[in-house]
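There are 4 protein chains.
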Amino acid sequence: MSAVVQETSCRQQCLVERAFDIIAEEGFEGLRTRSVAQAAGISVATLHYYFPVKDHLIVAVAEYLSEQFRRQQAPAVSSVGHAAYDALRQMLANHLYHRQHCPHLMVVMQEFLLRARRDVALQQVLAALQARWHEEIKGWLQQGQQDGVFVRDVSADTLAYQIQSQLVGMSSLSLNEVTAKALLEALEQRILLQQMHSDEGEVPDED
Amino acid sequence: MSAVVQETSCRQQCLVERAFDIIAEEGFEGLRTRSVAQAAGISVATLHYYFPVKDHLIVAVAEYLSEQFRRQQAPAVSSVGHAAYDALRQMLANHLYHRQHCPHLMVVMQEFLLRARRDVALQQVLAALQARWHEEIKGWLQQGQQDGVFVRDVSADTLAYQIQSQLVGMSSLSLNEVTAKALLEALEQRILLQQMHSDEGEVPDED
Amino acid sequence: MSAVVQETSCRQQCLVERAFDIIAEEGFEGLRTRSVAQAAGISVATLHYYFPVKDHLIVAVAEYLSEQFRRQQAPAVSSVGHAAYDALRQMLANHLYHRQHCPHLMVVMQEFLLRARRDVALQQVLAALQARWHEEIKGWLQQGQQDGVFVRDVSADTLAYQIQSQLVGMSSLSLNEVTAKALLEALEQRILLQQMHSDEGEVPDED
Amino acid sequence: MSAVVQETSCRQQCLVERAFDIIAEEGFEGLRTRSVAQAAGISVATLHYYFPVKDHLIVAVAEYLSEQFRRQQAPAVSSVGHAAYDALRQMLANHLYHRQHCPHLMVVMQEFLLRARRDVALQQVLAALQARWHEEIKGWLQQGQQDGVFVRDVSADTLAYQIQSQLVGMSSLSLNEVTAKALLEALEQRILLQQMHSDEGEVPDED
DNA sequence: AATGAATGAGAGTTCATTCAT
DNA sequence: AATGAATGAACTCTCATTCAT
């Protein structure tokens, strides 16, 4: 990806982070090279030394975004004895963690998803990110289905997309914390086979 | 909402539609008063005659967007004999219809959802739209649950949010037609009680 | 002057007065045809029906201004038995009266004096006003000098200009009420012969 | 005032001077950032680089104006042996000099005096200038009165204001050169004690 | 007599980008 | 590696004026 510049300089990194922050708070509409430079404590001219055109900076932010999704992890969830299930639960936990500790992550992702429609360079970065994510989830689901842990009424592929769109949609809508948690739980249960959680009560009826 | 102005002039309407188109294609970043005016075949000055400031136009587009979601309907689905279930199926059909016939609708909605974070006027319009939508779905679900047609393992409220976020998320991710259809089917089945569709095959395994 | 339109319509008069008010408060910079029309309760288009171009309105305001200087009179001062002296005292009293009851008058005059530098039509109106004023004062002074009531160390012409520039200057500088009164008194005494007011104390030394 | 920025860049200075010229010729109404920039041989964008908003430029012009009044001096008048009297005569000579060599100075001052009514930043600059001027004149007058050179029938304070308003008024009215000279002479004599110029003729009667 | 609708020309301001240093 | 200075192009918004009705 950013194979050309193998070792991103400290300055570049800082610029990318500042740009990320500004996109998070003001969207692409509010992203000014001047503001980014100023936030990084350098001049605009210097910014353009590192990123000759604004779009390069934006692509760099997209890559930074991809990376953050990998790096920002919730504390490891307790194992339930099944690797794929554990992985899935960790992912949901991560989602909740992001909501609480780095809420910008999903917002910026949304910004990029929209922008990618008109920017081929971004499309590549984001498509790769999404594909990787999809394959990861699908892998877990297939494993779980083989092991008889997950429901088999839907294909792993469809189920993976379902999970993805659910998570992405949850951050578009501005749901409150409680609702979000309930949704994630419901999502988890929807994947598992009934017998695994027969101890569940009937209708929560929390409304 | 804009009920006060009962009869929006033709010019105003046209401007709003052109603005909608431009947002759909180029995002808010690409929304220029000049382009909108030009697309409507009038001068910028005239645009400002109708919408003194750009933001007014944007709010008008938001209202237009709200309205479109109501207006743009897929052909009525065949009834299965239960009003709430029919309503739900119609909604999912509409979603599919939107994907095919007015794909801009969801894109523009996403644009507005992001922008609403920084624009109070938009927040009101969109929050109202979402709340109305939520209540509508929840109503159907409650009815269906009472009638023993829908699953009762999750509250109608949570389930409604699940559906909403699923639909919204589906349009963020650029899923292909086939996948989208599969997701909507899976969504429908997830809501129904098991016995109602015991004739379903096991694992589609379409991957 | 405004000989063409012999009988200024009520509407026209109203527009002129509103324009005057706006110039008084916001200067020529702030004079917008729209604001004038709005203040008069009519549309811009109608304003342009009466005054095809903005400059016509401005000239009309200049004439209104001229007229106001004549109309706005302080209550008659007590006579001291000499017509010219009385007239002069009345003029000074008027100046004070204007300061208190129609402070806009001088401000607008200043606006017009500056604008007249670039507008020939205004030049004519204002030059006529000033000339008339000058002749009036000079007439009184000459009479007074002949009658031995006024000082004769300066020509009536010069003295008249002196009075005029003093009065005009006083309204440019933003003097407070007390200072203004003191200046006007000093001005009066400067014109009279010493013997007429030998009863005056020596040095006021009010500083 | 603008003492903080000790070394105003050449470009800034040039812009201020061009703005001054334009105000002199076309008033504030005619002051366009584009024209100023063009007159200075640079682009509008560059102008805004130095003066982010037009008002900053205007304040800078006000400061330039203040400074010019100090800088532009007539050749030193011949001394009459009394410092305060000499200073006063120098000031009157300066006024005449301004009329002839930089007639814009007073015009621009009038423009600013009017504008200051609506612009607090200008008010400060101009009020400071006027106050300084007033104190200066008053100081001379007090000295002269103490030394028995100047009339004492009016307080130094009032007399100073009288001189100021006279000078300001003279430039509002468009007096010709001869009249102006006569007024200044009359003003000088009005201040001096009678005995000092007993050699004066009676009535010039130049009308 | 009156106006809603429309507009050309132009205003101040912004911004990514360039370049000499 | 870094920047102050400079700019073209474009932005939103304003305003006197016109014209069909």
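Protein chains in written order, with my numbering: chain F, 95 to 301; chain X, 95 to 301; chain Z, 95 to 301; chain U, 95 to 301.
From the three backbone atoms N, C-alpha and C, an ideal C-beta is built for every residue, glycine too.
{"Query": "Return yes when the Cβ of U/Gln256 is within less than 8 Å of the Cβ of Z/Ala280, no when it is not.", "Result": "yes"}
{"Query": "Check the Cβ of X/Gly263 against every Cβ in chain F and list those closer than 8 Å, keeping chain order.", "Result": "Gln258, Ser259, Gln260, Leu261, Val262, Gly263, Met264 and Ser266"}
{"Query": "What residue range is occupied by the uninterrupted alpha helix (DSSP H) comprising Z/Ser37?", "Result": "Outside the shown range of chain Z, which is 95 to 301, sits residue 37 of chain Z, and nothing can be said about it."}
{"Query": "Taking the continuous alpha helix (DSSP H) assigned at X/Glu123, which residues delimit it?", "Result": "Where X/Glu123 is concerned, there is no enclosing alpha helix (DSSP H), given that its DSSP letter is neither H nor E."}
{"Query": "Just curious, the alpha helix (DSSP H) that X/Phe145 is in, first and last residue?", "Result": "Counting along the chain, X/Phe145 falls outside any alpha helix (DSSP H), and DSSP gives it neither H nor E."}
{"Query": "Would DSSP call U/Leu267 helix, strand or coil?", "Result": "coil"}
{"Query": "Consider the Cβ of F/Gln224: report whether some Cβ of chain X lies at a distance smaller than 8 Å.", "Result": "yes"}
{"Query": "Based on the DSSP output, what are the partners of Z/Phe206 in its beta bridges?", "Result": "Its beta-bridge partners do not exist; DSSP assigns none."}
{"Query": "Under the three-state reduction of DSSP, which class applies to X/Leu235: helix, strand or coil?", "Result": "helix"}
{"Query": "So with CB distances below 8 Å, who are the chain F contacts of X/Val147?", "Result": "Result: empty, since nearest Cβ-Cβ is about 16 Å, beyond 8 Å."}
{"Query": "Given that a residue counts as buried once 16 or more other Cβ atoms are within 10 Å of its Cβ, and exposed if not, what is X/Ala178?", "Result": "buried"}
{"Query": "Taking the CB atoms as reference points, tell me whether Z/Ser268 and U/Val262 lie closer together than 8 Å.", "Result": "no"}
{"Query": "State the Cα-Cα distance for the pair F/Leu125 and F/Val201, rounded to the nearest angstrom.", "Result": "14 Å"}
{"Query": "State yes or no: is the beta carbon of U/Gln204 nearer than 8 Å to at least one beta carbon in chain Z?", "Result": "yes"}
{"Query": "Under 7 Å between beta-carbons, which chain U residues line up against Z/Phe244? List them in chain order, please.", "Result": "The premise fails here: Z/Phe244 is roughly 11 Å from chain U at the closest Cβ pair, so nothing lies under 7 Å."}
{"Query": "Whose C-alpha, out of X/Ser103, X/His176, X/Leu278 and X/Lys148, is nearest the C-alpha of X/Gln123?", "Result": "First, the residue type needs correcting, since residue 123 of chain X is Glu and not Gln in the sequence shown. The candidate whose alpha carbon is nearest that of X/Glu123 is X/Lys148."}
{"Query": "Give the interface partners of Z/Leu277 over in chain U, defined as CB-CB distance under 8 Å, in chain order.", "Result": "Thr252, Tyr255, Gln256 and Ser259"}
{"Query": "Ordered along the chain, which non-local residues of its own chain (more than five positions away) have a Cβ less than 8 Å from that of U/Lys275?", "Result": "Leu190"}
{"Query": "Taking Cβ positions only, does F/Val248 come closer than 8 Å to chain X?", "Result": "yes"}
{"Query": "For F/Glu123, go through chain X and note every residue whose CB falls closer than 7 Å to its CB, in chain order.", "Result": "Phe122 and Glu123"}
{"Query": "Quick check: what's the CA-CA separation for F/Asp180 versus X/Thr252?", "Result": "24 Å"}
{"Query": "Measuring CB to CB, does U/Leu216 end up less than 8 Å from U/Arg209?", "Result": "yes"}
{"Query": "Checking contacts by CB at 8 Å: is Z/Ala215 closer than that to chain U?", "Result": "no"}
{"Query": "What number of angstroms, rounded off, separates the C-alpha of X/Met185 from the C-alpha of F/Gln204?", "Result": "24 Å"}
{"Query": "Report buried or exposed for X/Gln194, applying the criterion of at least 16 other Cβ atoms within 10 angstroms of its Cβ.", "Result": "exposed"}
{"Query": "State buried or exposed for Z/Ser259, treating a residue as buried only when at least 16 other CB atoms are found within 10 Å of its CB.", "Result": "buried"}
{"Query": "Leaving out five residues before and five after F/Ser292 in sequence, what residues of the same chain have Cβ atoms less than 6 Å from its Cβ?", "Result": "Confidence in F/Ser292 is poor, its pLDDT being 38 and thus under 50, which makes the residue's placement unreliable; the coordinate value appears in the next sentence. Excluding positions up to five away in sequence, the list is empty."}
{"Query": "Quick one: what's got a C-beta closer than 6 Å to Z/Phe145's C-beta in the same chain, skipping five residues either side?", "Result": "Leu151"}
{"Query": "Grab me the residues of U/Ala254's own chain with a C-beta within less than 7 Å of its C-beta, minus the 5 sequence neighbours each way, in chain order.", "Result": "His228, Ile231, Lys232 and Leu235"}
{"Query": "Going by DSSP in three states, F/Gln283 sits in which element: helix, strand or coil?", "Result": "helix"}
{"Query": "In whole angstroms, what separates the C-alpha of Z/Ala113 from that of Z/His198?", "Result": "12 Å"}
{"Query": "Out of Z/Gly242, Z/Ala187 and Z/Val130, which one is the CA nearest neighbour of Z/Pro169?", "Result": "Z/Ala187"}
{"Query": "Which partner residues of U/Phe244 appear in the DSSP bridge assignment?", "Result": "U/Leu286"}
{"Query": "My understanding is that X/Val130 touches X/Leu109, with C-beta atoms under 8 Å, so please give their C-beta distance in whole angstroms.", "Result": "6 Å"}
{"Query": "For a test of the three-state rule: what should DSSP assign to U/Ala225, helix, strand or coil?", "Result": "helix"}
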